[in-house]
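S.K.: Residues 15 to 532 in this note's numbering are what the sequence shown lists, from first letter to last.
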Amino acid sequence: MATAMTLAEIVADVAARDGERTAIIFGEQRLSYAQTNGLIERVADALAARGIARGDRVALMVPNIPQFVVAYYAVLRLGAVVVPLNLLYKAEEVGYILNDSAARAVIVFELFYPQIAAGIAAAPSVRHTIFIGQSAAPEGTTGWAALLGGGDPPRERATIAPSDLAVICYTSGTTGRPKGAMLTHRNFIANCEQLEALPKFAAGPDDITLLVLPLFHIYGMNVGMNAGLRAGGALALVPRFEPVPVLEAIQGLRATIFLGAPPMYIAWVNTPSLGEYDLSSLRSVSSGAAALPREVLNRFGELSGVEIMEGYGLTETSPVSHSNAAAPHIKPGTIGLPIPGVEARVVDEHDHDVPQGQEGEILLRGENVMIGYWGREEDSAEALRGGWFHTGDIGTVDEDGYYTIVDRKKDMINAGGFKVWPREVEEILYAHPAVREAAVVAIPDPYAGERPLAYVALKDGQAASAEELIAYCKGCLASFKAPTRIEFRDELPKLPTGKVLRRVLRDDARALAQAQAD
């Protein structure tokens, strides 16, 4: 029975009850809860000896390896605050976050140190850099082995309240500069409790959660790591998604829970050997972080025999607010019902509720909602006005209470006064047999103001012309919704979670329009 009321207690709570239970699986390595808790204590003492204290911010740039888990909970044991860093970030982006959060220390894996060293150097608040890796620690850093072997004396732990700040999780920045969502221990634990009320979703002590979703992302961090360990289950950590090796890992470990993102399922439906793997051990398979095309959802079920539960959430909601696991049955294409403890509404531009089936912005309220954005009072007040979190997502709710995401408010294309939602066009493109990935953005147009432009990646061995795809869309949609231009790419720019970087595509579309005008 999970009892931890703060994140700092999670591993220690299970270790005290059943210390020999497996906590972490990493390749051939197995760490029990007792071993993991011991490592957390040693790292916490070492950080305390270096002056890290209650309220200090410590940045982590570490992949899905045991050291992430240890460092994360060690920081929290001190009453300090974790600032997870996206593994794709370069020096300038890391420097921005370190300066914005006034981080006192950085813990970084060796693979990423060269790309962010200049960012660390540009952050005067950083006093310590901890280097994880097999190679020698660079000058000015402390190696992980030295940290563990330093023999630092045990320190008295700070008293941590559920209302204390636990993590500053910077939003992905798909539309601009990242904002730091401030999430408390209570926010995270509340979302764990909300998920524990869903039998289809809840992790248990006998579960093995295969975690390939990045732990720096709120989805992998809380729904995977915190919830899985709080339940006393095992985490099988995989640093990188590769279709066949992950299928082999699920089969070999008899994993019971898999948390995925759309690109993973898209890759699997394009893996000829998918049906050859025994995935019968999986009792809970979910998709989040971005919209899952319905064609992919249906195809994955046909090929694997496994049903995907779609859900919805945001960094600011710790993250889950809706899930088909909360509903009596799955409605494909919807995000299901609000999970227990979460209230949701669909409103117009004046925050008035709209009728069933009508589009509006989704608002959320619950103990899992952030307390605000770090150092951004105006943004916080705007996002949380009226006591509701304004998601910026457009959706509908049907007669059964199921919610459907239409699109991001800011992604809507205004084509001569007509609304075009990119996701609607993308769903049509995904249904074309040659299309592997698609993303639709606005391209400036001298007559209509904006027109839809589609970026498309084709399946291996498949061919389709721009004219063919435009005609295909016109056969399924009103003509103003069909792309006026198709740009082919080998890959679409994405975050590690699979969310398409629309900001990058919009910048490219503006450049294309400018070049055409010149």
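The C-beta atom is built at its ideal place from N, Cα and C for all residues, glycine as well.
Computed from a predicted model, the values in this text were never measured in an experiment.
1) Does the Cβ of F230 have 16 or more other Cβ atoms within 10 Å, making it buried, or fewer, making it exposed?
2) For E501, which residues of its own chain have a beta-carbon under 6 Å away from its beta-carbon, when the five flanking residues on both sides are left out?
3) Find the nearest neighbour of I385 within the set E153, D178, T36, judged by alpha-carbon distance.
4) CA-CA distance, F272 and G238?
5) Taking the continuous alpha helix (DSSP H) assigned at S300, which residues delimit it?
6) Does the beta-carbon of F432 have 16 or more other beta-carbons within 10 angstroms, so that it is buried, or is it exposed?
7) Cβ of L541 within 9 Å of Cβ of V120?
8) Since W388 and G69 are thought to touch, with beta carbons under 8 Å apart, how far apart are those beta carbons, to the nearest angstrom?
9) A269: which of A275, R297, S287, L243 sits nearest, CA to CA?
10) Look up A471 in the DSSP assignment and give the residues it is bridged to.
11) DSSP on A22, reduced to helix/strand/coil?
12) For a quick check, are the C-beta atoms of L378 and V361 less than 9 Å apart?
13) To the nearest whole angstrom, what separates the beta carbons of I349 and G325, a pair I think is in contact under 8 Å?
14) When the distance is taken between beta carbons, is R244 closer than 9 Å to A10?
15) If you reduce the DSSP assignment to three classes, tell me which class I79 lands in.
16) Per DSSP, M196 forms a beta bridge with which residues?
17) Please look up how many angstroms separate the CB atoms of T498 and P458, rounded, as I've assumed it's under 8 Å.
18) Could you check the C-alpha separation between G165 and E34 for me, to the nearest Å?
19) What I want to know is whether the C-beta of V76 ends up closer than 8 Å to one or more non-hydrogen atoms of the ligand MG.
20) Is L101 closer than 9 Å to L66 when the C-beta atoms are compared?
21) With a threshold of 16 other CB atoms inside 10 Å of the CB of E256, please say whether the residue is buried or exposed.
22) What are the uninterrupted segments assigned as beta strand (DSSP E) that are 3 or more residues long and contained completely in the stretch 351-428, given in chain order?
23) State the start and end residues of the unbroken beta strand (DSSP E) segment that holds E501.
24) Looking at L251 and T534, is the spacing between their C-beta atoms short of 9 Å?
25) Less than 7 Å between C-beta atoms, sequence neighbours within five positions excluded: which residues of the same chain meet that for D365?
M.R.: On the basis of the data shown:
1) buried
2) Y469
3) Selection E153, D178, T36 evaluated against I385 yields D178 as nearest (Cα-Cα).
4) 9 Å
5) Looking at the DSSP string, S300 is not in any alpha helix (DSSP H); the run it does join, the beta strand (DSSP E), is 298-301.
6) exposed
7) No answer is possible for residue 541: it lies beyond the span of the chain, which begins at 15 and ends at 532.
8) About 12 Å; that fails the 8 Å criterion.
9) R297
10) E451
11) helix
12) no
13) 6 Å
14) Absent from the structure is residue 10, since the part of the chain shown begins at 15 and ends at 532.
15) coil
16) I182, G386
17) The Cβ separation is near 11 Å, so there is no contact.
18) 24 Å
19) Among the components of this structure there are no ligands whatsoever, and the ligand MG is therefore not found.
20) It should be noted that the sequence gives Ile, not Leu, for residue 66. No; because the gap between Cβ atoms is not below 9 Å, this pair is not in contact.
21) With fewer than 16 Cβ atoms within 10 Å of its Cβ, E256 is classed as exposed.
22) Complete beta strand (DSSP E) runs here, min 3: 357-361, 374-379, 403-411, 417-422.
23) 499-502
24) No information on residue 534 is available, as it lies outside the stretch 15 to 532 that the chain covers here.
25) G400
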